[in-house]
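If you read the sequences in order, they're chains A and B. Under this note's numbering, think of the first position of the first sequence as 1043, with each following residue one higher. Under this note's numbering, think of the first position of the second sequence as 1043, with each following residue one higher. Glycine is no exception: its CB is placed at the ideal position from the N, C-alpha and C atoms.
There are 2 protein chains.
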Amino acid sequence: MEMTISDAAKSAGLPTKTVRYYSDIGLVAPVARSEAGYRIYDDVALKKLSFVKRARGFGFSVEECRELLGLYEDTDRSSSDVRTIAAQRLIEIEAKQRELQLLHDELALLVKACKGNDRPDCPILSGLAGDAYE
Amino acid sequence: MEMTISDAAKSAGLPTKTVRYYSDIGLVAPVARSEAGYRIYDDVALKKLSFVKRARGFGFSVEECRELLGLYEDTDRSSSDVRTIAAQRLIEIEAKQRELQLLHDELALLVKACKGNDRPDCPILSGLAGDAYE
DNA sequence: ATAGGCTTTCCAGTAACTGGAAGGTCAAGC
DNA sequence: GCTTGACCTTCCAGTTACTGGAAAGCCTAT
């Protein structure tokens, strides 16, 4: 299904500017250009945009995203190479999942400790300074 | 326990340059300066650095980190305010956890599909273009 | 046919570092 | 006590990844 840049951007949850930027730097190219020069995106390009959005959101650099996208496209690369690189990234992601859980717990603790009334009786710095994770 | 900037950086897992930068912009200030002007960090500052590292790693901006750190410190803010802001962030983090799971599954699928031999028989774009998440 | 809302390119600005120069500090060894 | 090397300081320039705005072209709808 073909669409304009703003539709693609909307679907991927990215600003149009960013999608245009990704096109400029050759990270995610539009599938074609219209007669008038408008960028045209299809659902493969859209999947790539969504993937990049997700990966960027978790700290992978644009160059790392390029590599990850390349894993899917490079028919010259051996499948064991792809497996190796992807498996390495998986390990990193699992570490990130644990980190995110820590951040979650940290804030949850704060929410729980705040009684929700109007007295400033939150655990000032105790969540940070405390020994919840030591 | 007091320490120099490089020790604090090492403990928090941040580059020394970044810790100095956070000091410059007033995000995480050192607890003191030595006679010679060296930044001195204690374990409260260290907790803050670790917290910022974690939050930054998950896409929270420096300004958002400043707000989150402020939640612990601002004795003027009512506890219900803190609760509201922190609870909102919690919702965002939970969304991130689901997103990260998607990214994880996406790569895991690729690893699984790659047989690990030397033929380039990886699912070229099928992981992206496929309907695993539709 | 013209107004409104798209699109294009280009260029300048911002956020958050990051590297490097120039110089001060400090503990260790001679 | 002096030097060497590994720290530290500030300052300033460069990088990454956008982001905003100008000037102009396109497209649909009244």
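Under the DSSP definition of a beta bridge, which residues are partnered with residue i?
i, result
"B:M1045", "B:Y1083"
"B:A1050", "The partner list for B:A1050 (beta bridge, DSSP) is empty, contrary to what the question assumes."
"A:A1074", "A:I1082"
Using only CA atoms, which one of the options lies nearest to residue i?
i, options, result
"A:A1050", "A:G1079, A:V1104, A:K1089", "A:K1089"
"B:Y1083", "B:E1136, B:L1111, B:V1073, B:R1062", "B:V1073"
"B:F1093", "B:I1047, B:S1103, B:K1138, B:C1107", "B:C1107"
"A:I1133", "B:Q1130, B:L1110, B:L1142, B:E1115", "B:L1142"
"B:R1096", "B:T1046, B:E1148, B:R1062, B:I1135", "B:I1135"
"B:M1045", "B:K1059, B:R1081, B:R1131", "B:R1081"
"B:L1152", "A:L1149, A:K1154, A:G1112, A:L1152", "A:G1112"
"A:A1071", "A:A1078, A:R1062, A:A1128", "A:R1062"
"B:A1137", "A:Q1130, A:S1048, A:L1145, A:L1091", "A:L1145"
"B:F1100", "B:S1076, B:E1115, B:R1131", "B:R1131"
"B:F1102", "A:R1098, A:V1104, A:A1129", "A:R1098"
"B:I1067", "B:A1078, B:R1075, B:T1058, B:V1104", "B:V1104"
"A:A1150", "B:T1126, B:K1154, B:R1140, B:L1149", "B:T1126"
"B:A1087", "B:M1043, B:D1147, B:Q1139", "B:M1043"
Are the C-beta of residue i and some C-beta of chain B separated by less than 9 Å?
i, result
"A:L1113", "yes"
"A:R1125", "yes"
"A:I1082", "no"
"A:A1071", "no"
"A:E1148", "yes"
"A:G1079", "no"
"A:G1068", "no"
"A:V1153", "yes"
"A:V1096", "Here residue 1096 of chain A turns out to be Arg, not Val, going by the sequence shown. Yes, because at least one Cβ of chain B sits closer than 9 Å to the Cβ of A:R1096."
"A:C1164", "In this predicted model, A:C1164 has a pLDDT of only 48, less than 50, meaning its place in the structure is not dependable enough to derive any value."
For the alpha helix (DSSP H) containing residue i, name the first residue and the last one.
i, result
"B:V1104", "1104–1115"
Would you verify that the beta carbon of residue i is, or is not, closer than 9 Å to some beta carbon of chain A?
i, result
"B:A1051", "no"
"B:L1142", "yes"
"B:S1168", "Unreliable positioning characterises B:S1168 in this predicted model, as indicated by a pLDDT of 42, which lies under 50. A coordinate reading is not provided."
"B:V1104", "no"
"B:L1056", "no"
"B:R1131", "yes"
"B:E1109", "no"
"B:E1136", "yes"
"B:D1160", "For B:D1160, the predicted structure reports a pLDDT of 47, less than 50, and the residue's modelled location is therefore unreliable. A value from the coordinates is still provided. For B:D1160, the answer is yes, since a Cβ of chain A falls inside 9 Å of its Cβ."
"B:A1074", "no"
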